[in-house]
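Respectively, the protein sequence lines represent chains A and B.
Quick note on the working numbering: the first sequence kicks off at 1152 and runs consecutively.
Quick note on the working numbering: the second sequence kicks off at 3 and runs consecutively.
We put the CB at the ideal spot given by N, CA and C, even for glycine.
Keep in mind it's a predicted model, so treat the numbers as computed, not measured.
This report concerns only the one structure given below.
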Amino acid sequence: AQTVTQSQPEMSVQEAETVTLSCTYDTSENNYYLFWYKQPPSRQMILVIRQEAYKQQNATENRFSVNFQKAAKSFSLKISDSQLGDTAMYFCAFMKHGNGGSQGNLIFGKGTKLSVKP
Amino acid sequence: EPEVTQTPSHQVTQMGQEVILRCVPISNHLYFYWYRQILGQKVEFLVSFYNNEISEKSEIFDDQFSVERPDGSNFTLKIRSTKLEDSAMYFCASRGGTTHGTQYFGPGTRLLVL
C-alpha cells in the first residue's frame, strides 16, 4: 500500500520570502503522479502543481516549483516570493497510474499548515 | 472555466437519517470520486466511479454508503443511516481521460450529524 508522509505539521514564512514544504512517499509502483493541493480556510481543495513520475524535469507553476527525487521518494514544494494569500493547508498526494477504471484514487498526506506573515 | 459543483454546501441531520450529497462533475470528465475530510484530519478516499460502476472503494465505504449517477450529469453519495462519526467535509472530484491524472475538486459539503 502507498503512504504519503508530511513531516512538518506547521510552518511559517515572512511575506516575500521562500519556503519549502517536504513530502515523502512509499510505493512499489513505477508509474504514478504526485500532486500538491492547497486548502485555504474555505476548505476548497485547489490544485497547485502536478508531477508525472516518468518525467525527470521538475514541474513549475509560476512561484511554485517542486524538487522531485524519484529514487529517494521525495517530492518537496518550494514557494517563492510568498504572499499572504498563500496561507493555507498544503497537502501532498499520490496517485498510481492505471488503465480504464483502475486509474486510482488520491492518497493524501496529513498536510502542512503554512502561515505567511506580513 | 468549468468547475465541479456540490450541493448543499452545508447539511445538518439527525443520527440515523438518510442524506444525499450531490455533485455535478465537469461535463466531459469520465472518472468521479468521493473523498471525506474529518475536521483537522487528512483527506480520505471513499469511492471511485467509472463507466457507470464503482471501480474502487475504501474500507470506509461500507454498506451504508452508495453512489449513483442517475441522469448522466449528477453524481450522488447517499448515506443511509448517518452516524455521529460521519460528520465531515465531503468532496466530490472528477477527472477527464486526457488530464494526466489531475482530479478537480468541488467546494465540498459540510455534513454535521447530531
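In the displayed model, A:Asp-1177 falls within a strand according to three-state DSSP.
Taking one beta carbon from each stretch, the stretch 17-31 of chain B and the stretch 39-46 of chain B have fewer than 3 pairs nearer than 8 Å; the two do not touch. Taking 9 Å as the CB threshold, B:Thr-9 stays off the interface with chain A.
Restricting attention to B:Arg-71, B:Gln-105, B:Asn-54 and B:Leu-116, the CA atom closest to the CA of B:Arg-24 is found in B:Arg-71. Beyond the five residues adjoining it in sequence on each side, A:Asn-1256 comes within less than 6 Å, by CB distance, of no other residue in the same chain.
Here DSSP, grouped into helix, strand and coil, assigns A:Leu-1235 to helix. With a beta-carbon spacing of about 16 Å, B:Ser-11 and B:Thr-78 fall beyond the 8 Å limit used to define contacts. The Cβ of B:Gly-103 sits closer than 9 Å to at least one Cβ of chain A. Taken through DSSP and simplified to helix, strand or coil, A:Glu-1203 comes out as strand. Within the stretch 1158-1183 of chain A, contact with chain B at the beta-carbon level (separation under 7 Å) is assigned to no residue. Interface with chain B (9 Å Cβ-Cβ cutoff): A:Asn-1209 is excluded. Counting only the Cα atoms, B:Val-49 lies some 7 Å from B:Phe-63. With a cutoff of 9 Å on beta-carbon distance, A:Ala-1167 and A:Ser-1266 are scored as not near each other.
A distance below 7 Å between beta-carbons, with the five flanking residues on each side excluded, links B:Asn-54 to the following residues of its chain, in chain order: Arg-71. At least one C-beta of chain B is nearer than 9 Å to the C-beta of A:Ala-1244.
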